[in-house]
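Read the structure below first, then the notes.
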Amino acid sequence: MSLLQVNNLEVEFPLLSGKVKALKDISFSLDKGERIGIVGESGAGKSVTAFAILNLISKPGRITNGSIWFDGANLADMDRDQIRNIRGNKISMIFQDPMMTLNPVLTISTQMVECLQAHRNLPEAEAKKIAVEKLRAVQIPAPETRLDQYPHELSGGMRQRVVIAIALISDPALIIADEPTTALDVTIQAEILQLLLELCVNFNVGLILITHDLGVVSQVTQRTLVMYAGSIIEQGPTRELISSPLHPYTQGLIGALPEQTTPGSRLNQIPGVMPSLQDIPEGCAFHPRCTLAVAKCQHQIPELKGKTSRLCACHLVDDADA
Amino acid sequence: MNFSLERMRRSPVYYSFINNKVAMVSAAILSTLLLVSILAPFIAPYDPWDQTAFDIMDSEYPPIGSSGADDRFLLGTDDMGRDMLSTILYGTGISIAIGIFATILQAFMGISIGLVSGYFGSRLDSFLMRIADIQLSFTTLMVAIIILAVFQAAVGLNSYERYALLMIVLVIGIAEWPQYARTVRACVLAEKKKEYVDAVKVIGLRPMRILYRHILPNTFSPLLVISTVQVANAIITEAGLSFLGLGMPITKPSLGSLIRNGFDYIFSGSWWITFLPALVLIVLILTINLLGDWLRDVLNPKIYK
Amino acid sequence: MMPMPDTAVNQPMGPALISIKSLYKEFNISGSFLEELGFEKGRPVRRRESVKAINGVNLEIQQGEALCVVGESGCGKTTVGRAVMGLIDPTRGEIHYAGQRIDNLSAVDRFPYRKKMQMIFQNPYASLNPRKTVQATLAEPAKFHAPELNETQRQEKIVAVMDSVGVSPKWAKRYPHEFSGGQRQRISIARALMVDPEFIVADEPISALDVSIQAQVLNLLMQAREERQLTYLFITHDLAVVEHFGTRVAVMYLGTLCELGNCNEIFHYPRHPYTRALLSAIPKLGSDPVGHIKLKGEVPTPINLPSGCVFHGRCQFANDRCKSEAPGLNRTDNGVRVACHAIEENRL
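Residue numbers (our numbering), protein chains in the order written: chain L, 10 to 331; chain A, 782 to 1086; chain P, 4 to 351.
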């Protein structure tokens, strides 16, 4: 039974120059306790997907089509109070920069307790006990003393742990993490990723990890979705997707990594630039940059399909499969 | 700067303007006021500054539409027989002129000081900002009253009338430079940290060139916003001074002087002598402030980007 | 200064172009005089706090090489880059360029060196003046450093440089906000190349860019290096890039050099405990998630530096000597230099 089922999700933003589709026909599902990654470059639509699930798309952008099924209800149809009940409670979100996520003028205790009390009627003392428990779960040393500290008194890694603790505080079924380690140093990143992995496994919490770093998804996630210009272009088990990518874009992304070429020689670059959402070419959005493009790619948008759990939106892959 | 009509039409500022009725109406009214005050010498039916052109026998005619009005005077006359319409046209021009010139003076002083203070920092900055703080603790109106009263007493009424405009512009201009200095300084402090400043340092450009050719152009947005506020403030300050008898003399009246002039007649029936100039003054200040509000919102970098 | 070993692999061995000698840099954060004043035991005392960003760095950059400086935030690598470029003055120590001391020169005397040394910055959105067209931004360095060029020649040079960095010269009259991050970074590189420099400090030039654009810009930097025989000081936290692009690498922690040597050597056989932890923390494709070396504790503050070895609080191999005595950067058998007592004592 899937925990989250996204069907044909579309998000539009009206701009000066006309309407722009930020997400086109996004469909995927997530099982209980499953960890998936969404990778792509900036502008691909990964954060928009995350925000759409929790209905956080800032106006005038809006969900124009599709459904988001969670726990038997369609999140896309919910009114303000209903979705507020889900946020921070059943689905939590972690953002990139902990210094921006935590309010600098409130103590850790205040921020954690108010999160709990927003969804449950609990006396403060009890809420504080739960807060300490969660701080301990994220491996913050001496958690009781941290309660009265302010965010600036903690290091970057510790702040992100606090943010994760707040995300866990209501025992959610799903955590969405939007580039949670991009702003952190490499050694701290490794610890936070390991922490996230352990917490999700131990508490059976689902995880949607959004990042541009393929190395990060390969360490934490079981399945990965690759996004390009507002669509999912490849999907599959992470290990397989990385070791044998099907879509030319995924192949290009992996190929462009410095590890893939001998030191000193030129990197394999993908020519050109991802198109802005207002200038998406006809047919396959990637075809102008694709070295393997054929005539069909210029006119027909490829469908995301595949025989096994590996799905790919590419005419060449599709034809080869047939 | 590269400017073209096409570029302007495509810009978000233009788009925001077209879609904002308040901004458009304010701009229309303000432009009209500006235009008629510039053209006053050509379109005013009479010359209110010519002391021989009016006749005390023509005094206190009401505006057209009320009983007892005279066809020659569209908006009536004041207590000395001057045509209200003409005096208001000329008076608006004087008020606006004072507003603009005083603002230019304070901008010039304030921007120079703010740039240097923000860029070079340390003791120079502390020194200049302390002076600014001290100056700010004296309200402009109070300083203006003192200086102008002393000046009036010292040189006598005739000389005063000749130099009134200059003195008012000087006083308001010099009293308000800290506003510009602070705004520019804050901007400079922010821009100083940006990497394009490092890049030109690394090319070897001298500090003055960096300051004036690179940093200053990037401070224009907030400066434009406070300029509208400052122009409005200058006009109000001058109106206040004139109302107290220390501003423009009655022979070359600004809107404030006209309001003062008619004040004694409010309850004796000739309400229009005060009311009409006051109405124009209010509309003038209101449109400047509304445009300033719109400008501030549209130039807000967070919304702009 | 000991000369660098000649067991170096595949890089042109020239004389030292840049010499950094015993560089120290402290930033005073005490605030104004009044804020420094305090009372201790009834007597007025002046309390000064400073951030010790660089603590005794000795480094030589050979002509033609790409020396990479790596470390995490707060290690001082950006400060080193800025000190070399003269954007900040050293508290102690000297910077030499081709044998000449440059850190104490006046602005006028430094000017000729500005033609030889240029810098590329991290943030593509802040490194171009938003009020100047690309044309104006690129023309400025040429006006100052190549005054012998007339208008036409300068224009030709601008076109040539824009072509070489992959930005179409047709767009020279546009403003920075009309370009993407990757294009802006190319324009920044073009600006640095306009004066035909010999040496470039690149401060995290690709960190703010998308992955596929990173490859493009890195290739561009490599190409520029080959075509113009440039020497690079490349500051980054991305070790994958270092392994690919660099000839030698210097690992920094809290303003001190931990390890210095050829990229090849250090990546295959890291010695310093910090270098090992750093390398193990990089998320590699298809690797096991739980395998990195954990460091104890937190990064200490650069305001109150730890005594002895700056790394001792986090190191599992620290002994009493590490707590009291700072290790020197000593050469090991194959030319790599490490600052670690445990290595010196053969405990590792």
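Where is the CB? At the ideal position from N, CA and C, for every residue including glycine.
Next on the checklist: Give me the chain P residues within the contact set of residue 986(A), using Cβ-Cβ distance strictly less than 8 Å, ordered along the chain.
Outcome noted: Taking the second sequence and counting its residues from 1, the one referred to as residue 986(A) is at position 205. Within 8 Å Cβ-Cβ: 143 and 147.
Next on the checklist: Strictly below 9 Å CB to CB, what residues from chain A border residue 130(P)?
Outcome noted: Counting from one through the third sequence, the residue named residue 130(P) turns up at place 127. Here the neighbours are 975, 976, 977, 979 and 980.
Checklist entry - Under a three-way DSSP split, which group does residue 11(P) fall into? => result Translated into the one-based positions of the third sequence, residue 11(P) becomes position 8. Interpretation of residue 11(P) is limited by its pLDDT of 34, a score under 50 that renders its predicted location unreliable; no figure is taken from the coordinates.
Next on the checklist: Below 8 Å on the Cβ atoms is my contact criterion, and I expect residue 794(A) with residue 1079(A) to pass it. Report the Cβ-Cβ distance as a whole number of Å.
Outcome noted: Translated into the one-based positions of the second sequence, residue 794(A) becomes position 13. Translated into the one-based positions of the second sequence, residue 1079(A) becomes position 298. With 8 Å as the limit, residue 794(A) and residue 1079(A) qualify as a contact, their Cβ atoms being about 5 Å apart.
Checklist entry - Cβ of residue 1079(A) less than 9 Å from any chain P Cβ? => result Stepping through the second sequence from its first residue, residue 1079(A) is reached at position 298. With 9 Å as the cut-off, residue 1079(A) does not count as an interface residue toward chain P.
Checklist entry - For the beta strand (DSSP E) that residue 100(P) lies in, which residues bound it at each end? => result One-based indexing of the third sequence puts residue 100(P) at position 97. From DSSP, the beta strand (DSSP E) with residue 100(P) extends over 95-100.
Checklist entry - Relative to the alpha-carbon of residue 26(P), which residue among 89(P), 120(P) and 237(P) has its alpha-carbon at the smallest distance? => result Taking the third sequence and counting its residues from 1, the one referred to as residue 26(P) is at position 23. Taking only the C-alpha atoms, the option nearest residue 26(P) is 89(P).
Item to check | Distance CB(residue 308(P))-CB(residue 55(P)) smaller than 9 Å | outcome: Locating residue 308(P) in the third sequence gives position 305, counting from the first residue. Locating residue 55(P) in the third sequence gives position 52, counting from the first residue. Yes; because the gap between Cβ atoms is below 9 Å, this pair is in contact.
Checklist entry - Per DSSP, what kind of secondary structure is residue 964(A) in: helix, strand or coil? => result In the second sequence, counting from the first residue as 1, residue 964(A) sits at position 183. Note: residue 964(A) maps to helix in three-state DSSP.
Checklist entry - If residue 221(L) sits next to residue 48(L), beta carbons under 8 Å apart, how far is it from one beta carbon to the other, in whole angstroms? => result Counting from 1 along the first sequence, the entry for residue 221(L) is found at position 212. Counting from 1 along the first sequence, the entry for residue 48(L) is found at position 39. The Cβ separation is near 6 Å, so the contact holds.
Checklist entry - For residue 229(L) versus residue 216(P), is the C-beta distance shorter than 9 Å? => result Along the first sequence, one-based indexing puts residue 229(L) at 220. Along the third sequence, one-based indexing puts residue 216(P) at 213. The answer is no: Cβ separation not under 9 Å.
Item to check | Where residue 318(P) falls: helix, strand or coil (DSSP) | outcome: Numbered from its first residue, the third sequence carries residue 318(P) at position 315. Looking at residue 318(P) - three-state DSSP - the assignment turns out to be coil, as it is neither helix nor strand.
Next on the checklist: If I measure Cβ to Cβ from residue 826(A) and keep anything under 7 Å in the same chain, skipping five residues before and after, which residues do I get?
Outcome noted: Within the second sequence, numbered from 1, the residue matching residue 826(A) stands at position 45. Hits under 7 Å: 864, 866 and 867.
Next on the checklist: Buried or exposed for residue 261(L), going by 16 or more other Cβ atoms inside 10 Å?
Outcome noted: Sequence index remark: in the first sequence, residue 261(L) carries index 252 (1-based). Flag for residue 261(L) reads buried.
Checklist entry - From what residue to what residue does the alpha helix (DSSP H) around residue 169(P) run? => result Along the third sequence, one-based indexing puts residue 169(P) at 166. No alpha helix (DSSP H) contains residue 169(P), which DSSP labels as neither H nor E.
Checklist entry - Mind checking if residue 998(A) is an interface residue toward chain P, Cβ cutoff 9 Å exclusive? => result For this step, residue 998(A) is matched to residue 217 along the second sequence. Yes, its Cβ sits closer than 9 Å to a Cβ of chain P.
Checklist entry - Going along chain P in order, which residues have a C-beta closer than 8 Å to the C-beta of residue 965(A)? => result What you label residue 965(A) is simply residue 184 of the second sequence in a count that begins at 1. None at all; the shortest Cβ gap to chain P is about 15 Å.
Item to check | Inter-stretch contact at 8 Å, needing at least 3 Cβ pairs: the region 1018-1025 of chain A / the region 1035-1042 of chain A | outcome: yes
Checklist entry - Do residue 237(P) and residue 86(P) come within 9 Å of each other at the CB atom, strictly closer than that value? => result Here residue 86(P) is taken as the residue at index 83 of the third sequence, counted from 1. Here residue 237(P) is taken as the residue at index 234 of the third sequence, counted from 1. Not in contact: residue 86(P) and residue 237(P) (Cβ atoms no closer than 9 Å).
Next on the checklist: Just checking: is the beta-carbon of residue 983(A) within a distance shorter than 9 Å of some beta-carbon in chain P?
Outcome noted: Start at 1 with the first residue of the second sequence, and residue 983(A) comes out as number 202. So, interface residue.
Item to check | Three-state secondary structure assigned by DSSP to residue 232(P) | outcome: Here residue 232(P) refers to the residue found at position 229 when the third sequence is read from its first residue. Here residue 232(P) sits in coil by DSSP.
Checklist entry - Got a sec: which bits of the region 195-206 of chain L sit with their beta carbon under 9 Å from any beta carbon on chain P, in order along the chain? => result 195, 196, 197, 198, 199, 200, 202, 203 and 206
Checklist entry - In angstroms, rounded to a whole number, what distance separates the CA positions of residue 218(L) and residue 62(L)? => result Position 209 of the first sequence holds residue 218(L). Position 53 of the first sequence holds residue 62(L). Cα to Cα, the separation comes out at about 13 Å.
Checklist entry - CA-CA distance, residue 886(A) and residue 951(A)? => result If you number the second sequence from 1, residue 886(A) lands on position 105. If you number the second sequence from 1, residue 951(A) lands on position 170. Taking the straight line joining both Cα atoms gives about 8 Å.
Item to check | Cβ-based contacts, 8 Å cut-off: residues of the region 237-255 of chain L near chain P | outcome: 248, 251 and 252
Checklist entry - Quick one: which chain L residues come within Cβ less than 9 Å of residue 255(P)? => result Here residue 255(P) is taken as the residue at index 252 of the third sequence, counted from 1. Here the premise fails: no neighbours, minimum Cβ distance about 13 Å.
Checklist entry - Which of helix, strand or coil does DSSP assign to residue 244(L)? => result For the purposes of this step, residue 244(L) is identified with residue 235 of the first sequence, where counting begins at 1. Residue 244(L) falls in the strand class under three-state DSSP.
Next on the checklist: So for residue 23(L), helix, strand or coil by DSSP?
Outcome noted: Taking the first residue of the first sequence as position 1, residue 23(L) is located at position 14. It is a strand residue.
Next on the checklist: The beta strand (DSSP E) that contains residue 914(A), what's its start and end?
Outcome noted: Taking the first residue of the second sequence as position 1, residue 914(A) is located at position 133. From DSSP, residue 914(A) is part of no beta strand (DSSP E) but of the alpha helix (DSSP H) over 903-918.
Next on the checklist: For the region 344-351 of chain P against the region 313-325 of chain P, do three or more pairs of beta-carbon atoms, one drawn from each stretch, fall closer than 8 Å, so that the two count as touching?
Outcome noted: yes
Next on the checklist: Alpha carbons only, please: which of 66(L), 85(L), 67(L) and 69(L) is nearest the one belonging to residue 75(L)?
Outcome noted: Counting from one through the first sequence, the residue named residue 75(L) turns up at place 66. The option with the nearest alpha carbon to residue 75(L) is 85(L).
Checklist entry - Are at least three pairs of beta-carbons, each pair with one atom in the region 261-279 of chain P and one in the region 114-133 of chain L, less than 8 Å apart? => result no
Checklist entry - Would you report the Cα separation of residue 56(L) and residue 313(P), rounded to the nearest angstrom? => result Against the first sequence, residue 56(L) aligns to sequence position 47. Against the third sequence, residue 313(P) aligns to sequence position 310. Each residue's Cα considered, the two are about 39 Å apart.
Checklist entry - According to DSSP, is residue 348(P) helix, strand or coil? => result Walking along the third sequence from the start, residue 348(P) turns up at place 345. Coil at residue 348(P), not helix or strand.
Checklist entry - The beta strand (DSSP E) with residue 204(P) in it runs from where to where? => result The residue given as residue 204(P) occupies position 201 in the third sequence. Element bounds for residue 204(P): 202-206.
Next on the checklist: Could you check whether residue 13(L) and residue 38(L) sit closer than 9 Å to each other, using their CB atoms as the reference points?
Outcome noted: As a position in the first sequence, residue 38(L) is number 29, starting the count at 1. As a position in the first sequence, residue 13(L) is number 4, starting the count at 1. Yes; because the gap between Cβ atoms is below 9 Å, this pair is in contact.
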